[in-house]
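Colleague: Just passing along the structure, written as structure tokens.
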Amino acid sequence: MGELMLQIKNLSESKAELFVYGEIGWETDAYAIAREVSSLDVSELSVRIHSPGGDVYDGLAIMNALKAHPAHVTAVVEGLAASAASFIAVGGADRVVMRPGSELMIHDAMTIALGNAEDLGKALGDLDRVSNTLAEIYAAKAGTPADMWREAMRAETWFTADEAVEAGLADEVSSVDEPLPAVALARGRVMNVFSGRRGKPPRELLNHEVRGGDSGMADEVKNEEVIEPTEAVQPAESEAGEVSEAVEDQAAVTSEDGEASESESAESAGGEASDGEAEASEETVVTLDRARYEELLAQLAEGQEALKVVARREAEDFVDRAISEGRLGAASRDREVSNYLVDAGETRARIEALAVGRIPRSEKGHSVPDEGVSVTNKRPRGPIPRV
85 MGELMLQIKN LSESKAELFV YGEIGWETDA YAIAREVSSL DVSELSVRIH SPGGDVYDGL
145 AIMNALKAHP AHVTAVVEGL AASAASFIAV GGADRVVMRP GSELMIHDAM TIALGNAEDL
205 GKALGDLDRV SNTLAEIYAA KAGTPADMWR EAMRAETWFT ADEAVEAGLA DEVSSVDEPL
265 PAVALARGRV MNVFSGRRGK PPRELLNHEV RGGDSGMADE VKNEEVIEPT EAVQPAESEA
325 GEVSEAVEDQ AAVTSEDGEA SESESAESAG GEASDGEAEA SEETVVTLDR ARYEELLAQL
385 AEGQEALKVV ARREAEDFVD RAISEGRLGA ASRDREVSNY LVDAGETRAR IEALAVGRIP
445 RSEKGHSVPD EGVSVTNKRP RGPIPRV
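Counting from 85, one number per residue, gives the positions in the sequence shown under our numbering.
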């Protein structure tokens, strides 16, 4: 075992930070991490990860130690979370954050076995069982079938930061918020067996505009006419039953420059407005009954609510279809529905540009031992499985 790369910092009375750097099982020891994590009395724990992976069982022990801690755990992938480091982040944290430029890699468990045919047959069964266990961890985070994750593991799949979020393995991409200590990560034994990016997902360019914040639409809103009701005044009747002052319930229409036009009412029973005044009044003033006015406002509100329902149904139908086609992961559904409601055109164009089937939705193969090979739960002689 090489020099341990373990560092824990208390950021405050309620926050702590753990660094998981280097190879799991050699430079990062499961027992040391589990012991230190269990002793932390904090409500927030940040786990910063930069590791090529390593021993599968040490990785599972670290993952379970993080899950068992009562704090809210945030895993931050600083550079690389490959192999065992990937399921430490995905399965051990409540929230996974990818730094810009970071990557995450998943693949099947591997080992070096020594023995006769029976021994090697047992090793095959153990590796298959371990890989299925890891696939369940990825599936639980992404909300998609374990079979599709096992297929991606067989292909040794690499995810960029944005691809990890799209696939549901991570929750967000976030920039570095504070300086980090310089820790070198040499290319060790684990990295030497990786095949590289041959199995990466499609790398279509994505639009990553910030959603849900202040939008730039405020300056694009056109001035609209605002109808403001005036108080109704009951007309007084003369002895002959005629209206002496015809004051009607009116609505003054606010013009674009924000100044309301004044309505003209009849000055007396026998008086008449001039032609110029009457023409100006017809252009700027709408006279209607208050009950009718309030009815129109109610109908307008109902119509706006109906349009929102229709727009959301359209957004959900489009995103659900993209998920069924394998363009998106199920974990991104709510986010993309919100994006569609903000800008349907941009969201539709971006998602339609993604390749169909980029995220498998069904099983594409089987892994079974050869006929006559016995599969047991006994661990093989020789080195333990690694990922």
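Each residue gets a CB set at the ideal place from its N, CA and C atoms; glycine is no exception.
Locate the beta strand (DSSP E) running through W233, then write down its first and last residues.
Modeller: One-based indexing of the sequence shown puts residue 233 at position 149. Not the beta strand (DSSP E): W233 falls in the alpha helix (DSSP H), residues 230 to 238.
Colleague: Between the region 239 to 246 and the region 214 to 231, are three or more C-beta pairs nearer than 8 Å?
Modeller: No, they do not touch.
Colleague: How about the region 157 to 168 and the region 125 to 144: do they share at least three Cβ pairs that are nearer than 8 Å?
Modeller: yes
Colleague: With H, G and I counted as helix, E and B as strand and the rest as coil, what does DSSP make of L102?
Modeller: Looking up residue 102 in the sequence shown gives position 18. Of the three classes helix, strand and coil, the one that applies to L102 here is strand, per DSSP.
Colleague: What would DSSP say about S123, mapped onto helix, strand or coil?
Modeller: Here residue 123 refers to the residue found at position 39 when the sequence shown is read from its first residue. Of the three classes helix, strand and coil, the one that applies to S123 here is coil, per DSSP.
Colleague: At what residues does the beta strand (DSSP E) containing R179 begin and finish?
Modeller: On the sequence shown, position 95 is the one that residue 179 refers to. Per DSSP, the continuous beta strand (DSSP E) segment holding R179 begins and ends at 179 to 182.
Colleague: Check whether the region 415 to 424 and the region 376 to 393 touch, using three or more Cβ-Cβ pairs below 8 Å as the test.
Modeller: no
Colleague: Relative to the alpha-carbon of A152, which residue among A415, L218, V121, R179 has its alpha-carbon at the smallest distance?
Modeller: Indexing the sequence shown from 1 puts residue 152 at position 68. The shortest Cα separation from A152 among A415, L218, V121, R179 belongs to V121.
Colleague: Do you know offhand how far R442's Cα is from E409's?
Modeller: Numbered from 1 along the sequence shown, position 358 holds the residue referred to as residue 442. Numbered from 1 along the sequence shown, position 325 holds the residue referred to as residue 409. Rounded to whole angstroms, R442 to E409 spans 9 Å at the Cα level.
Colleague: Following the continuous alpha helix (DSSP H) through A147, name the residue where it begins and the one where it ends.
Modeller: Counting from 1 along the sequence shown, the entry for residue 147 is found at position 63. Rather than Ala, the amino acid found at residue 147 in this sequence is Met. Taken as a continuous stretch (DSSP letters only), the alpha helix (DSSP H) holding M147 covers 140 to 152.
Colleague: Using a Cβ-Cβ cutoff of less than 6 Å, which residues in the same chain neighbour G175 once the five nearest sequence positions on both sides are dropped?
Modeller: Start at 1 with the first residue of the sequence shown, and residue 175 comes out as number 91. Setting aside the 5 residues that flank it on each side, G175 is surrounded in the same chain by M147, I221, each with a C-beta closer than 6 Å to its C-beta; the list follows chain order.
Colleague: So, I117 versus E162, is the Cβ gap smaller than 8 Å?
Modeller: Counting from 1 along the sequence shown, the entry for residue 117 is found at position 33. Counting from 1 along the sequence shown, the entry for residue 162 is found at position 78. Contact: no.
Colleague: Just mark R273 as buried or exposed, buried being the case when its beta carbon has 16 or more other beta carbons within 10 Å.
Modeller: For the purposes of this step, residue 273 is taken as the residue at position 189 of the sequence shown. Caution is warranted here: a pLDDT of 48 is assigned to R273, below 50, making its placement in the model unreliable, and the coordinate value is therefore given only provisionally. The residue in question, R273, is exposed, as its Cβ has fewer than 16 Cβ neighbours within 10 Å.
Colleague: With C-beta atoms as the reference, is D81 less than 8 Å away from A173?
Modeller: Because the chain in this structure spans residues 85 to 471, residue 81 falls outside the shown range and cannot be described.
Colleague: Express the C-alpha separation of D427 and A100 in angstroms, rounding to a whole number.
Modeller: Working through the sequence shown from its first residue, we reach residue 100 at position 16. Working through the sequence shown from its first residue, we reach residue 427 at position 343. A direct Cα-Cα distance of roughly 39 Å separates A100 from D427.
Colleague: According to DSSP, simplified to helix, strand and coil, what is V249?
Modeller: Mapped onto the sequence shown, residue 249 falls at position 165. Of the three classes helix, strand and coil, the one that applies to V249 here is helix, per DSSP.
Colleague: From T195, R183, L144, pick the residue whose C-alpha is nearest to that of A219; which is it?
Modeller: The count along the sequence shown starts at 1 and reaches residue 219 at position 135. Distances from the alpha-carbon of A219 to those of T195, R183, L144 put L144 closest.
Colleague: Can you tell me the Cα-Cα spacing of E97 and V126, whole angstroms?
Modeller: Position 13 of the sequence shown, counted from the first residue, corresponds to residue 97. Position 42 of the sequence shown, counted from the first residue, corresponds to residue 126. Distance from the CA atom of E97 to the CA atom of V126, rounded to whole angstroms, is 7 Å.
Colleague: Under DSSP, the alpha helix (DSSP H) around T217 begins and ends at which residues?
Modeller: For the purposes of this step, residue 217 is identified with residue 133 of the sequence shown, where counting begins at 1. Its alpha helix (DSSP H) spans residues 201 to 226.
Colleague: From L253 to R119, what does the alpha carbon distance come to, in whole angstroms?
Modeller: The residue given as residue 253 occupies position 169 in the sequence shown. The residue given as residue 119 occupies position 35 in the sequence shown. Answer to the nearest angstrom: the Cα atoms are 27 Å apart.
Colleague: Would you please state the rounded distance, in angstroms, between the beta carbons of A236 and I190? I believe it to be under 8 Å.
Modeller: Stepping through the sequence shown from its first residue, residue 236 is reached at position 152. Stepping through the sequence shown from its first residue, residue 190 is reached at position 106. Contact flag correct, Cβ pair sits at about 6 Å.
Colleague: Would DSSP call L384 helix, strand or coil?
Modeller: For this step, residue 384 is matched to residue 300 along the sequence shown. L384 falls in the helix class under three-state DSSP.
Colleague: Measure from the C-beta of A166 to each C-beta in chain B and report whether the shortest distance is under 8 Å.
Modeller: Going by chain labels, chain B is absent from the structure shown, which holds only one protein chain.
Colleague: With burial defined as no fewer than 16 other Cβ atoms inside 10 Å of the residue's Cβ, what is the status of I435: buried or exposed?
Modeller: Position 351 of the sequence shown, counted from the start, is the residue given in the question as residue 435. Under the 10 Å beta carbon count, I435 is surrounded by 16 or more other beta carbons and is classified as buried.
Colleague: Report yes if the CB atom of A193 is closer than 8 Å to the CB atom of L150, and no otherwise.
Modeller: Numbered from its first residue, the sequence shown carries residue 193 at position 109. Numbered from its first residue, the sequence shown carries residue 150 at position 66. Not a contact, by the Cβ cut-off of 8 Å.
Colleague: Use the C-beta contact count for A439: other C-beta atoms within 10 angstroms, 16 or more gives buried, fewer gives exposed.
Modeller: Position 355 of the sequence shown, counted from the start, is the residue given in the question as residue 439. By the neighbour-count rule (16 or more Cβ atoms within 10 Å), A439 is not buried but exposed.
Colleague: With L425 as the anchor, note down where its alpha helix (DSSP H) starts and where it stops.
Modeller: Taking the first residue of the sequence shown as position 1, residue 425 is located at position 341. Here the alpha helix (DSSP H) through L425 covers 417 to 426.
Colleague: Where do the ends of the beta strand (DSSP E) carrying G163 lie?
Modeller: Here residue 163 corresponds to residue number 79 of the sequence shown, with the count starting at 1. In the DSSP assignment, G163 falls within the beta strand (DSSP E) that extends over 156 to 166.
Colleague: Inspect the beta-carbon positions of E250 and G413 and report whether they are closer than 8 Å.
Modeller: Indexing the sequence shown from 1 puts residue 250 at position 166. Indexing the sequence shown from 1 puts residue 413 at position 329. For E250 and G413, yes; Cβs fall inside 8 Å.
Colleague: Taking only three categories from DSSP, how would you classify V440?
Modeller: Locating residue 440 in the sequence shown gives position 356, where the first residue counts as 1. Coil, per DSSP.
Colleague: I'd like the span of the beta strand (DSSP E) that includes S135, first residue to last.
Modeller: Counting from one through the sequence shown, the residue named residue 135 turns up at place 51. Note, S135: beta strand (DSSP E), 128 to 135.
Colleague: When the distance is taken between beta carbons, is T195 closer than 8 Å to A207?
Modeller: As a first step, residue 207 must be located in the sequence shown, where it is residue number 123. As a first step, residue 195 must be located in the sequence shown, where it is residue number 111. Cβ atoms of A207 and T195: closer than 8 Å.
Colleague: In the DSSP output, what is F402 paired with across the bridge?
Modeller: Start at 1 with the first residue of the sequence shown, and residue 402 comes out as number 318. None; F402 has no bridge partner.
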